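Undergrad: One structure coming up, written as structure tokens, with questions to follow.
Residue numbers (UniProt numbering): 1 to 665.
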């Protein structure tokens, strides 16, 4: 190896991340350091950790496709995005079949009808990178090859994924619709305020963070015209209903209702300010600067009406949501003489409000939140439960009611998105899902999200590397074989025999199963046995997983409780007798054991929904549906990044770019 003087390199820097330098003298094998010119000074750079990455020629700066760069590594990618974003005002860049985007956090005049017309019918290679070029390529492939397509929009919270999905939908509605059919787009866009209200929340990173994944399938007829659409959701963060971290909020809909509590039509709900409800005040923030929650609720109600949700159904919806808030305020008390007992005053005001709103028998609900039935030797026994178990039973009931309400809303909106008597020949799916998550404290929710991302990453690898190279081999094409990181060992650690999920399920079945016991079993089975698993040196209640993106430490506390998501039968039986009727749909062929009917009094039928599942099974089914939706399509991955880490003077690494996109490159 020989580098001559003047060779240009990148060197790491603690503040700037990467800074440019060049050799001031030749370097050859055997040398221990490089003499670099760094600005106006000189630097002796030790090569103990390897040689620094080489810089690309100036002529390649600002390339619109990263694969055109001579050197494709972290500083080269970041510098090219830096040049395009800050100097050329270009937020989109290709990387092969991947489109990289940086959220400008401002409206740009690049999404109008004239821009759609400019991209319509054009080859992707002939046009500047844009979400419309990706959408056009998907549309052309679908119409020409009769192959279903999918666009995967990934990225960290606040990156602009949902807005991007709207732009893709707008493009398809314009190029594939008539004036009549474009109403499908209007209806899909009308679902956004509703889904954001019930599925989005304020987090520390984003005031409007989607806490669920969404897959919109746009259906096309034989002529390439839009004939309908449907929406599927994945991995709703149910735990947010009953708990919020500091500086975070519950789902927007609760605060919107509280802000609009003075409306005449809400008077019967008896709502209070949001800071007076346990389920909405834990984060310490009940408002968002610049957001008028009452006005947002008006938009939600108008959208519900536009999509055919009748006033009586809307009233039932808000009635049940208000009931959830009062359920959280039910005062459960421990028994000072017996830790295995707890009580609720049958005259508790919050319990009374909940019972009135849900139309259930108050005394029975008070009793069965603090007791459970057991089958012992063929006999039915009633056993009191302690304070902690009673609180968990109350919270589990709240989560399940909200989950079913969410499912009903999605099902109802899907009906509004369908058109009558039109033949569907093919579809394009747009997937908007959480990106990889890594916080200071990571729990069951981050584990589920990151597991789903591992599976999506595997599918991406299958499509881009494995299948392409296998096709080259079959066709006898000569190429330089590309080594890529296969994340199957990490997936096997999670879902394989005696993997993390199986051990978690087994521990949940144990009468005295605990997070601590589960943690010890994880250590016994996987420490020194899996390269993707580690035990923290200073903790016996956490574990580390080396994901495709980064190493993440998960806290074991709460895994069993969240995975069990226990729902006792008796509160469900009380709710079955509810006078508040509300439709909620599910597939009746799935072996329902415990069911709750929530249906509208004006409807002549009811659809039942399952309420008792181990959360792990639900999440696993959700991931399987997600992967099946994408698997049988031609996927285009579209990572989106916020620009807050890409500053005007310095080159900084967008965290999710480093955690996701660079691994894919």
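Glycine included, every Cβ here is placed at the ideal spot set by N, Cα and C.
Predicted, not measured: the structure shown is a model, and the values here were computed from it.
Taking the beta strand (DSSP E) that residue 213 falls in, what are its first and last residues?
TA: The residue you call residue 213 lines up with position 213 of the chain shown. 213-220 is the span of the beta strand (DSSP E), which, as asked, contains residue 213.
Undergrad: Give me the Cα-Cα distance between residue 86 and residue 36, rounded to the nearest whole angstrom.
TA: Here residue 86 corresponds to residue number 86 of the chain shown, with the count starting at 1. Here residue 36 corresponds to residue number 36 of the chain shown, with the count starting at 1. Their backbone Cα atoms lie some 27 Å apart in a straight line.
Undergrad: Within 8 Å, do at least three Cβ pairs link the segment 134-146 to the segment 420-439?
TA: With a cut-off of 8 Å, the segment 134-146 and the segment 420-439 count as touching, because enough Cβ pairs lie within range.
Undergrad: Is it right to say residue 528 is buried, meaning 16 or more other beta carbons lie within 10 angstroms of its own, or is it exposed?
TA: Start at 1 with the first residue of the chain shown, and residue 528 comes out as number 528. Answer is exposed; the Cβ neighbour count stays below 16.
Undergrad: Of all the options 554, 559, 474, which has the alpha carbon lying nearest to the alpha carbon of residue 515?
TA: Residue mapping note: residue 515 aligns to position 515 of the chain shown, counting from 1. Ranking the options by Cα distance to residue 515, first place goes to 559.
Undergrad: To the nearest angstrom, report how far apart residue 196 and residue 551 are at their CA atoms.
TA: Along the chain shown, one-based indexing puts residue 196 at 196. Along the chain shown, one-based indexing puts residue 551 at 551. C-alpha separation (whole angstroms): 31 Å.
Undergrad: What is the residue span of the alpha helix (DSSP H) that residue 391 lies within?
TA: Within the chain shown, the letter at position 391 stands for residue 391. First-last of the alpha helix (DSSP H) with residue 391: 387-417.
Undergrad: Do residue 544 and residue 534 count as a contact pair if the criterion is CB distance below 7 Å?
TA: What you label residue 534 is simply residue 534 of the chain shown in a count that begins at 1. What you label residue 544 is simply residue 544 of the chain shown in a count that begins at 1. Taking 7 Å as the Cβ cut-off, residue 534 and residue 544 qualify as a contacting pair.
Undergrad: Roughly how many angstroms separate the alpha carbons of residue 599 and residue 406, rounded to a whole number?
TA: Here residue 599 refers to the residue found at position 599 when the chain shown is read from its first residue. Here residue 406 refers to the residue found at position 406 when the chain shown is read from its first residue. Its pLDDT being 32, under 50, residue 599 is placed unreliably in this model, and the value from its coordinates should be taken loosely. Cα to Cα, the separation comes out at about 13 Å.
Undergrad: State the start and end residues of the unbroken beta strand (DSSP E) segment that holds residue 431.
TA: Position 431 of the chain shown, counting from 1, holds the residue named residue 431. Counting along the chain, the beta strand (DSSP E) containing residue 431 begins and ends at 426-432.
Undergrad: Measuring CA to CA, which of 384, 253, 330 is closest to residue 296?
TA: Residue 296 sits at position 296 when you count from the first residue of the chain shown. For residue 296, the nearest C-alpha among the options comes from 253.
Undergrad: Name the DSSP bridge partner or partners of residue 343?
TA: Looking up residue 343 in the chain shown gives position 343. DSSP lists 333 as partners of residue 343.
Undergrad: Roughly how many angstroms lie between the CA atoms of residue 456 and residue 65, to the nearest whole one?
TA: Working through the chain shown from its first residue, we reach residue 456 at position 456. Working through the chain shown from its first residue, we reach residue 65 at position 65. Roughly 23 Å between the two C-alpha positions.
Undergrad: Considering only the alpha carbon of each residue, which of 410, 496, 400, 463 lies closest to residue 575?
TA: Start at 1 with the first residue of the chain shown, and residue 575 comes out as number 575. Nearest of 410, 496, 400, 463 to residue 575, Cα basis: 400.
Undergrad: Taking only the alpha-carbon atoms, compute the straight-line gap between residue 308 and residue 412 and give it to the nearest angstrom.
TA: Walking along the chain shown from the start, residue 308 turns up at place 308. Walking along the chain shown from the start, residue 412 turns up at place 412. The straight-line gap from Cα to Cα measures roughly 9 Å.
Undergrad: So residue 529 is in the alpha helix (DSSP H); what residue range does that whole segment cover?
TA: In the chain shown, the residue the question calls residue 529 occupies position 529. Segment: none, residue 529 is in no alpha helix (DSSP H) and carries neither H nor E.
Undergrad: From the DSSP output, in three-state form, read off residue 288 for me.
TA: Here residue 288 refers to the residue found at position 288 of the chain shown. DSSP places residue 288 in coil when its eight states are reduced to three.
Undergrad: Would you tell me roughly how many angstroms separate the C-alpha atoms of residue 226 and residue 169, rounded to the nearest one?
TA: Indexing the chain shown from 1 puts residue 226 at position 226. Indexing the chain shown from 1 puts residue 169 at position 169. Distance between the alpha carbons of residue 226 and residue 169: 11 Å.
Undergrad: Using a threshold of 7 Å, state whether the C-beta atoms of residue 248 and residue 213 are closer than that.
TA: As a first step, residue 248 must be located in the chain shown, where it is residue number 248. As a first step, residue 213 must be located in the chain shown, where it is residue number 213. Cβ distance not < 7 Å, so residue 248 and residue 213 don't count as in contact.
Undergrad: Using a Cβ-Cβ cut-off of 6 Å (strictly less than) and excluding sequence neighbours within five positions of residue 161, which residues of its own chain qualify?
TA: Taking the first residue of the chain shown as position 1, residue 161 is located at position 161. The answer, listed in chain order, is 153, 155, 432, 640.
Undergrad: Use the C-beta contact count for residue 524: other C-beta atoms within 10 angstroms, 16 or more gives buried, fewer gives exposed.
TA: One-based indexing of the chain shown puts residue 524 at position 524. Result: exposed.
Undergrad: Please classify residue 591 as buried or exposed, where buried requires at least 16 other C-beta atoms within 10 Å of its C-beta.
TA: By 1-based counting over the chain shown, the position of residue 591 is 591. Because residue 591 sits at a pLDDT of 24, beneath the cut-off of 50, its placement in the model cannot be relied upon, and the following sentence gives the value as read from the coordinates. Flag for residue 591 reads exposed.
Undergrad: Using three-state DSSP, classify residue 456 as helix, strand or coil.
TA: Walking along the chain shown from the start, residue 456 turns up at place 456. If DSSP states are grouped into helix, strand and coil, residue 456 belongs with the helices.
Undergrad: Between 368, 369, 383, which has its C-alpha nearest residue 375's C-alpha?
TA: Residue 375 sits at position 375 when you count from the first residue of the chain shown. Taking only the C-alpha atoms, the option nearest residue 375 is 383.
Undergrad: Does DSSP classify residue 95 as helix, strand or coil?
TA: As a position in the chain shown, residue 95 is number 95, starting the count at 1. It is a strand residue.
Undergrad: Can you give me the Cβ contacts of residue 536 inside the same chain, cut-off strictly under 8 Å, excluding the 5 residues immediately before and after it?
TA: Taking the chain shown and counting its residues from 1, the one referred to as residue 536 is at position 536. 542, 543, 544, 553, listed in sequence order.
Undergrad: DSSP three-state label for residue 129, please.
TA: The sequence position of residue 129 within the chain shown is 129, counting from 1. If DSSP states are grouped into helix, strand and coil, residue 129 belongs with coil.
Undergrad: For the alpha helix (DSSP H) containing residue 499, list its first residue and its last residue.
TA: Your numbering for residue 499 matches position 499 in the chain shown. Looking at the DSSP string, residue 499 is not in any alpha helix (DSSP H), and its letter there is neither H nor E.
Undergrad: Is residue 514 helix, strand or coil by DSSP?
TA: Here residue 514 is taken as the residue at index 514 of the chain shown, counted from 1. Residue 514: coil per DSSP, three-state reduction.
Undergrad: Just confirm the distance between the C-beta atoms of residue 120 and residue 136, as a whole number of angstroms; I'd bet it's less than 8 Å.
TA: Walking along the chain shown from the start, residue 120 turns up at place 120. Walking along the chain shown from the start, residue 136 turns up at place 136. Correct: roughly 6 Å between the Cβ atoms.
Undergrad: Less than 7 Å separating the beta-carbons of residue 207 and residue 288?
TA: Counting from 1 along the chain shown, the entry for residue 207 is found at position 207. Counting from 1 along the chain shown, the entry for residue 288 is found at position 288. Their beta carbons are under 7 Å apart, which means residue 207 touches residue 288 by this criterion.
Undergrad: From which residue to which residue does the alpha helix (DSSP H) around residue 293 run?
TA: Here the question's residue 293 lines up with position 293 in the chain shown. Per DSSP, residue 293 belongs to the alpha helix (DSSP H) from 293-306.
Undergrad: Do three or more CB pairs link the segment 84-98 to the segment 52-70 at distances below 8 Å?
TA: Contact between the segment 84-98 and the segment 52-70 is present, because at least three Cβ pairs lie under 8 Å.
Undergrad: Restricting to runs no shorter than 3 residues, where is the beta strand (DSSP E) found entirely within the segment 19-86?
TA: Fully enclosed beta strand (DSSP E) runs of 3 or longer: 33-38, 41-46.
Undergrad: Kindly give me the distance between the Cβ atoms of residue 353 and residue 257, rounded to whole angstroms, as I take these residues to be in contact under 8 Å.
TA: Counting from one through the chain shown, the residue named residue 353 turns up at place 353. Counting from one through the chain shown, the residue named residue 257 turns up at place 257. About 14 Å separates the two Cβ atoms, so there is no contact after all.
Undergrad: Apply the 10 Å Cβ neighbour rule to residue 331 and answer buried if 16 or more other Cβ atoms are within range, or exposed otherwise.
TA: Translated into the one-based positions of the chain shown, residue 331 becomes position 331. Label assigned to residue 331: exposed.
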